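For the sequence shown, our numbering begins at 28 and goes up steadily by one.
Here a beta-carbon is modelled for each residue, glycine too, at the ideal position from N, C-alpha and C.
Just so it is clear, the structure is predicted and the values come from calculations on it, not from any experiment.
Reviewing the structure listed below.
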Amino acid sequence: MFSKVTRLTEFTCSALFTCRKSQIALESVKADTQGVSISNLAFSILAMPLNFSGQNKRGHSFKGQDLSEANFSYADIQSTDFSGANLNSANLDGVNLKSADLRGANLYGVNLRGADLRGAKLSCANLDGANLEGVNLDGANLDSANLFGVNLFGANLDGANLSSANLSRVNLKSANLFGVNLSRANLTNANLDGANLEYADLESANLDGASLSGANLEYTNLTKIVWNENTRWQDVRVGETAINVPQALLEQNQST
28 MFSKVTRLTE FTCSALFTCR KSQIALESVK ADTQGVSISN LAFSILAMPL
78 NFSGQNKRGH SFKGQDLSEA NFSYADIQST DFSGANLNSA NLDGVNLKSA
128 DLRGANLYGV NLRGADLRGA KLSCANLDGA NLEGVNLDGA NLDSANLFGV
178 NLFGANLDGA NLSSANLSRV NLKSANLFGV NLSRANLTNA NLDGANLEYA
228 DLESANLDGA SLSGANLEYT NLTKIVWNEN TRWQDVRVGE TAINVPQALL
278 EQNQST
């Protein structure tokens, strides 16, 4: 009798153990499946561009962060820290970036049309291929920034610092450059037609191939500017107020 009870107990324990093993295996499979699903979902969420459209991020710090393709359209990001951040192809259409810190930031191909960048810090920033049409850069610091091929048509750069900046092939047609510091700037093949450069400092700026037709150069510092036969000066306003106008330029204007 005792042996029958023992064998029955052993069988019951064995069956229960096997059942438990199957249950554990099933739970393991379910956990793995859920893990894959959650992992894929998390990856999909992380892969989506960040959306800050219309939000108030004033004074927030995005220093050194990867914000490529992020949407900041019409957001308030005044005094925000973007120094060293990657904003490649981000949408900054109509944003308030007044006094923002964008030093060393990557703004390649960014849409900044109509943005408020008054007093912004953009020294050494990369703005290659960006759209800055109609932006307000009053008093902004773009020292040594890369603005190759940028569209600044009709932009306001009153009192901005663009010393040593790369402005090759930039469109500054009809832009306000009153009192701007363009000393040592690279303006090769730039379009400055109809631009207001009154009181601007162009000392040692490179204007090879640039077009300044109809530009206002009254009281402008032209000391040691570099230009060539492809530089266009038609109807430029120099007068007697411009500083250190090259003799060749004076003679060219007198002959036209």
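Distance between beta carbons of residue j and residue i, contact taken as under 8 Å
| i | j | result |
| --- | --- | --- |
| N233 | N213 | 5 Å |
| G206 | G186 | 5 Å |
| N168 | K148 | 5 Å |
| A202 | L179 | 5 Å |
| D220 | S195 | At roughly 16 Å, the Cβ-Cβ gap does not stay under 8 Å, so D220 and S195 are not in contact. |
Residues that residue i bridges to, as DSSP identifies them
| i | result |
| --- | --- |
| K148 | D128 and N168 |
| N271 | Paired residue(s): none; N271 is not in a bridge. |
| S110 | Per DSSP, none; premise fails for S110. |
| S238 | N218 and R259 |
| V137 | According to DSSP, V137 bridges with nothing at all. |
| N243 | N223 and R264 |
| N118 | N98 and N138 |
| S88 | D108 |
| D103 | N83 and N123 |
| V253 | N233 |
| D228 | N208 and N248 |
| D143 | N123 and N163 |
| D93 | N113 |
Inter-residue Cα distance where the pair is residue i and residue j
| i | j | result |
| --- | --- | --- |
| N271 | K251 | 8 Å |
| P273 | S191 | 21 Å |
| N2 | N183 | A question about residue 2 goes unanswered here, because the residues of the chain that appear run from 28 up to 283. |
| V177 | K125 | 20 Å |
| G236 | R85 | 41 Å |
| I104 | N188 | 22 Å |
| L174 | N216 | 13 Å |
| L164 | W260 | 26 Å |
| E230 | L77 | 43 Å |
| Q92 | V265 | 46 Å |
| W254 | G81 | 45 Å |
| A127 | L209 | 22 Å |
| D228 | S116 | 32 Å |
| S171 | A152 | 8 Å |
| N223 | N123 | 25 Å |
| T268 | L144 | 31 Å |
| N193 | G181 | 19 Å |
| E54 | L94 | Here E54 scores only 48 on pLDDT, less than 50, and its place in the model is too uncertain to base an answer on. |
| N257 | V197 | 16 Å |
| L277 | K200 | 23 Å |
| R211 | Y226 | 16 Å |
| A242 | A275 | 18 Å |
| G121 | Y246 | 33 Å |
| I65 | L154 | Confidence at I65 is low in this model, with a pLDDT of 46, below 50, so the placement of that residue should be treated as unreliable; the coordinate-derived value is given next. Between I65 and L154, the C-alpha separation is close to 38 Å. |
Cβ shell of residue i (< 7 Å), same chain only, five flanking positions each side left out
| i | result |
| --- | --- |
| F89 | T107, D108, F109 and A112 |
| F79 | A97, N98, F99 and A102 |
| L139 | L119, A157, N158, L159 and V162 |
| G136 | N115, S116, G156 and A157 |
| L244 | L224, V263, R264, V265 and A269 |
| L204 | L184, A222, N223, L224 and A227 |
| S238 | N218, L219, D220 and R259 |
Proximal residues to residue i (C-beta, below 8 Å), its chain only, five neighbours per side dropped
| i | result |
| --- | --- |
| G62 | Unreliable positioning characterises G62 in this predicted model, as indicated by a pLDDT of 48, which lies under 50. The coordinate reading is nonetheless provided below. None. |
| R130 | S110, G111, K148, L149, S150, C151 and A152 |
| G166 | R145, G146, D185, G186 and A187 |
Same chain, Cβ closer than 6 Å to residue i, neighbours up to 5 away in sequence not counted
| i | result |
| --- | --- |
| H87 | T107 |
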